[in-house]
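Right, one structure below, let's go through it.
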Amino acid sequence: QITTVSGNEFLLQSDIDFLILDWFHAIKNAIDRLPKEQRITSRNLEFKLRRSSSIELLNNLDTESKEPKPEHRKSLIFRLNYSASDTNDRNRVKSRLKKFISRRPSLKTLQEKGLIKDQIFGSHLHLVCEHEKSTVPQFVKLCINAVERRGLDVDGIYRVSGNLATIQKLRFVVNQEEKLNLDDSQWEDIHVVTGALKMFFRELPEPLFPYCFFELFVEAIKIQDNVARIKSIRNLVKKLPRPNYDTMKILFEHLQKIAAKESVNLMSTQSLGIVFGPTLLRPEKETGNMAVHMLYQNQIVELMLSEYSKIFGSEED
């Protein structure tokens, strides 16, 4: 989000990291080329996102109001246009707002009363499954079925991004527990469906491959002997919690069908590994080995697709 000195606001969105980085550098370079007297001060130019509670925003109003501001600047929250003689009224209003906000019921209380429902996106996998009394989220099943009905032959399926605004709209519908029909015309772009499915897995607080398994999978993929490598990964997969295992099995079975149509959709197991590797498994804390980790992430997904029957099949297989 960018706010100019004239008060204009611009929101640039993308789910592609390197594209966002390109935007950032382009904007920064443009600012650097401005004459010094026109540049925004470092205090007004912030590139990191910060979440503030309503109370914090009200408290910040006190300190910010003491600093000189351009007359044309618009507040992101609200403006109280009082004269100096109305200071007491302004303080009274702010005091009442603080009391009102501090008395708000907690999220847990609202959920218990049924006023706020548990969301699908951003919730732990096991909680979604418990809520639905299943081991695979219904939304995952709906997306997979939709893609297999009308997306297997689509060029770049899962690689091509859908419209982010429409994906966010779909996300909202799912979180509101509204009846979802992915065959509705508003979801006719299959890339919106695949984008929403990737977003669901990306927003899991703990990825499909739990954090405690990450290093174990990395060590397994490093094994040189192919038979031993497959056996090691198979054993790790079998140890996963039931919702993770069942969801993983149905997802990889689906992705295997995508790879089988590689001649048409141009999505090989390697391509799918690049798309889903960082989405499905990642370390709990990023280190300086990010590039190395990404390579292993892709390789793990690629191997599990190539050797699906050996990894997810029965012992007899």
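The numbering of the sequence shown is my numbering, which starts it at 1044 and goes up by one. From the three backbone atoms N, C-alpha and C, an ideal C-beta is built for every residue, glycine too. None of the values given here were measured: they were computed from a predicted structure.
C-beta contact flag for residue i and residue j at 8 Å
{"i": "C1172", "j": "P1250", "result": "no"}
{"i": "N1341", "j": "G1316", "result": "yes"}
{"i": "V1183", "j": "L1223", "result": "no"}
{"i": "I1264", "j": "T1237", "result": "no"}
{"i": "L1195", "j": "L1225", "result": "no"}
{"i": "M1347", "j": "G1320", "result": "no"}
{"i": "I1187", "j": "H1297", "result": "yes"}
{"i": "T1312", "j": "S1349", "result": "yes"}
{"i": "I1343", "j": "F1260", "result": "yes"}
{"i": "G1205", "j": "D1227", "result": "no"}
Reduced DSSP secondary structure (H/G/I, E/B, other) of residue i
{"i": "S1097", "result": "With a pLDDT of only 44 at S1097, under 50, the local geometry of the prediction cannot be trusted, and no value is derived from it."}
{"i": "F1319", "result": "helix"}
{"i": "I1045", "result": "strand"}
{"i": "F1053", "result": "strand"}
{"i": "Y1201", "result": "coil"}
{"i": "D1226", "result": "coil"}
{"i": "Q1162", "result": "coil"}
{"i": "K1282", "result": "coil"}
{"i": "D1196", "result": "coil"}
{"i": "L1104", "result": "Unreliable placement is indicated for L1104, whose pLDDT of 48 sits below 50; the coordinate value is still reported in the next sentence. Correct three-state label for L1104: helix."}
{"i": "E1221", "result": "coil"}
Straight-line Cα distance separating residue j from residue i
{"i": "A1069", "j": "I1045", "result": "13 Å"}
{"i": "L1088", "j": "V1307", "result": "Confidence at L1088 is low in this model, with a pLDDT of 44, below 50, so the placement of that residue should be treated as unreliable; the coordinate-derived value is given next. Their Cα atoms are separated by approximately 47 Å."}
{"i": "R1245", "j": "L1323", "result": "7 Å"}
{"i": "S1303", "j": "I1354", "result": "One detail in the question is off: residue 1303 reads as Ala in this sequence, not Ser. Between A1303 and I1354, the C-alpha separation is close to 18 Å."}
{"i": "Q1162", "j": "L1168", "result": "11 Å"}
{"i": "L1064", "j": "F1256", "result": "30 Å"}
{"i": "L1123", "j": "R1139", "result": "No answer about L1123 holds up, because its pLDDT of 44 lies below 50 and its placement is not dependable."}
{"i": "Y1125", "j": "L1207", "result": "Note that Y1125 scores 44 on pLDDT, short of 50, meaning its location in the model is unreliable and no value can be drawn from it."}
{"i": "L1247", "j": "Y1351", "result": "24 Å"}
{"i": "V1280", "j": "Y1288", "result": "7 Å"}
{"i": "I1301", "j": "K1071", "result": "40 Å"}
{"i": "E1305", "j": "R1146", "result": "57 Å"}
{"i": "K1142", "j": "Q1219", "result": "29 Å"}
{"i": "V1216", "j": "F1295", "result": "26 Å"}
{"i": "Q1056", "j": "K1274", "result": "42 Å"}
Where the alpha helix (DSSP H) containing residue i begins and where it ends
{"i": "P1286", "result": "R1285 to A1303"}
{"i": "I1266", "result": "Unbroken run through I1266: none, as it is neither H nor E."}
{"i": "L1170", "result": "L1168 to E1175"}
{"i": "S1311", "result": "Here S1311 belongs to no alpha helix (DSSP H), and DSSP marks it neither H nor E."}
{"i": "E1191", "result": "Q1181 to R1193"}
{"i": "K1353", "result": "Y1351 to F1355"}
{"i": "N1332", "result": "From DSSP, N1332 is part of no alpha helix (DSSP H); its letter is neither H nor E."}
{"i": "N1218", "result": "L1207 to N1218"}
{"i": "K1241", "result": "I1233 to R1245"}
Residue i Cβ short of 7 Å to the ligand FMN heavy atom set
{"i": "T1178", "result": "Absent from the structure shown: the ligand FMN. Ligands present: none."}
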